[in-house]
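Each position in the sequence shown, counted from 1, maps to that position plus 196 in our numbering.
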Amino acid sequence: MQIIGFNGSPRKSGNTSTILGAVLKGAEEAGAETTEVRIHDINMKGCMGCLSCRTKPGVCAQKDDLSPFLEAIKTADGIVMGAPIYMFRMAGQIKLLVDRMYSLYTPKEGPGYGSAVPPGKTFAMVISQGADNTDQYLRSARWLAGMGGTGFGMEDVGYIIQGGNATTVGTGMGRDDDATKVIKSGSAAGPIKDNAEVMAEALALGRRLIKK
Ligand SMILES: Cc1cc2nc3c(=O)[nH]c(=O)nc-3n(C[C@H](O)[C@H](O)[C@H](O)COP(=O)(O)O)c2cc1C
Numbered sequence: 197m198q199i200i201g202f203n204g205s206p207r208k209s210g211n212t213s214t215i216l217g218a219v220l221k222g223a224e225e226a227g228a229e230t231t232e233v234r235i236h237d238i239n240m241k242g243c244m245g246c247l248s249c250r251t252k253p254g255v256c257a258q259k260d261d262l263s264p265f266l267e268a269i270k271t272a273d274g275i276v277m278g279a280p281i282y283m284f285r286m287a288g289q290i291k292l293l294v295d296r297m298y299s300l301y302t303p304k305e306g307p308g309y310g311s312a313v314p315p316g317k318t319f320a321m322v323i324s325q326g327a328d329n330t331d332q333y334l335r336s337a338r339w340l341a342g343m344g345g346t347g348f349g350m351e352d353v354g355y356i357i358q359g360g361n362a363t364t365v366g367t368g369m370g371r372d373d374d375a376t377k378v379i380k381s382g383s384a385a386g387p388i389k390d391n392a393e394v395m396a397e398a399l400a401l402g403r404r405l406i407k408k
């Protein structure tokens, strides 16, 4: 079992990294091997718009440190993406990744896209923001879960949105049966690593990435 964590936060000890790290630990406890890709720390460029992936589906012509991880998405059992909110949207680091993932969307007859990612994979998401209202950037969150996960046919097993004074955990972004829970957290309640309830939810989310 292989789980890849794509970390869009530049801060190694920040909230995204802390929660994402616990998600990966949960996956390991469930028997997975995990790899964390710190997007900010690898030599990676954005999509160059060459559209060669339209004639060679599943292959990104931009060759850099991201290339092996784009390939690894096809063989991994699941992925988790994490990012902070910068300037009212997902941080640019994660946008660069999702743009490059266009190469994994394949042309097909009729509307929409096919997927170069084989079926049966899981997807989870971690978002960290300063704002108290964890609904504030839901549109961005739905975008990330959709374009980075479910659009490829991955099963969304849940998310954690950590805000200024509360953290919302859910079972699947945009799903009708999404069951959410709000945990008091943030600056008033101390650093997120010291919030046992959020950390327990992160471990549980990691375990859900592994399908029995
Ligand atoms: C450049 C920048 C822009 C930010 N913009 C927002 C924003 O628009 N909305 C918000 O709620 N928080 C914003 N924040 C706060 C971060 O989302 C917040 O501190 C988050 O916890 C950082 O995640 P990290 O600990 O993983 O680095 C911004 C932070 C930075 C550095």
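C-beta: ideal position from N, C-alpha, C; glycine also.
Measure the Cβ-Cβ separation of residue i and residue j and say whether it is below 8 Å.
| i | j | result |
| --- | --- | --- |
| Arg-234 | Leu-266 | no |
| Leu-216 | Gly-278 | yes |
| Ile-269 | Thr-231 | no |
| Met-283 | Leu-340 | no |
| Leu-405 | Thr-318 | yes |
| Gly-354 | Gly-366 | yes |
| Gly-254 | Ser-299 | yes |
| Thr-376 | Thr-363 | no |
Can you find the residues in the same chain that come closer than 6 Å, C-beta to C-beta, to residue i, ignoring five residues on each side of it along the sequence?
| i | result |
| --- | --- |
| Arg-403 | Gly-222, Ala-226 |
| Phe-348 | Ser-311, Val-313 |
| Ala-228 | Met-197, Ile-199, Ile-406 |
Looking only at C-alpha atoms, which of the options sits nearest to residue i?
| i | options | result |
| --- | --- | --- |
| Ala-396 | Lys-408, Glu-351, Ile-379, Ile-238 | Ile-379 |
| Asn-329 | Gly-359, Leu-300, Gly-308 | Gly-359 |
| Asp-261 | Gly-242, Gly-254, Thr-251, Gly-316 | Gly-242 |
| Gly-345 | Thr-363, Arg-335, Thr-364, Ala-320 | Ala-320 |
| Leu-220 | Lys-407, Val-276, Gly-386 | Val-276 |
| Lys-389 | Met-350, Arg-335, Ala-218, Pro-307 | Ala-218 |
To the nearest angstrom, how far is it from the Cα of residue i to the Cα of residue j?
| i | j | result |
| --- | --- | --- |
| Ala-257 | Cys-246 | 8 Å |
| Ile-290 | Glu-393 | 26 Å |
| Val-293 | Ala-337 | Going by the sequence as given, residue 293 is Leu instead of Val. In a straight line, the C-alpha of Leu-293 is about 15 Å away from that of Ala-337. |
| Thr-212 | Met-197 | 23 Å |
| Ala-398 | Asn-361 | 17 Å |
| His-236 | Asp-374 | 31 Å |
| Met-240 | Ser-263 | 9 Å |
| Tyr-301 | Tyr-309 | 6 Å |
| Leu-401 | Met-244 | 34 Å |
| Pro-206 | Gly-288 | 11 Å |
| Val-322 | Thr-251 | 33 Å |
| Ser-381 | Pro-387 | 8 Å |
With DSSP as the reference, please indicate the residues paired to residue i in a beta bridge.
| i | result |
| --- | --- |
| Ile-269 | Paired residue(s): none; Ile-269 is not in a bridge. |
| Gln-332 | DSSP output for Gln-332 lists no bridge partner at all. |
| Ile-199 | Thr-230, Gly-274 |
| Val-378 | Thr-364 |
| Ala-320 | Val-276, Gly-354 |
To which residues of the same chain is residue i closer than 8 Å at the C-beta, ignoring the five residues directly before and after it?
| i | result |
| --- | --- |
| Gln-325 | Pro-280, Ile-281, Gln-332, Tyr-333, Ile-357, Gln-358, Gly-359, Gly-360 |
| Lys-304 | Gly-310 |
Using a Cβ-Cβ cutoff of less than 7 Å, which residues in the same chain neighbour residue i once the five nearest sequence positions on both sides are dropped?
| i | result |
| --- | --- |
| Arg-371 | Asp-352 |
| Lys-407 | Thr-318 |
Does the CB of residue i have a neighbour CB from chain B at under 8 Å?
| i | result |
| --- | --- |
| Leu-401 | Included in the structure is just one protein chain, with no chain B present. |
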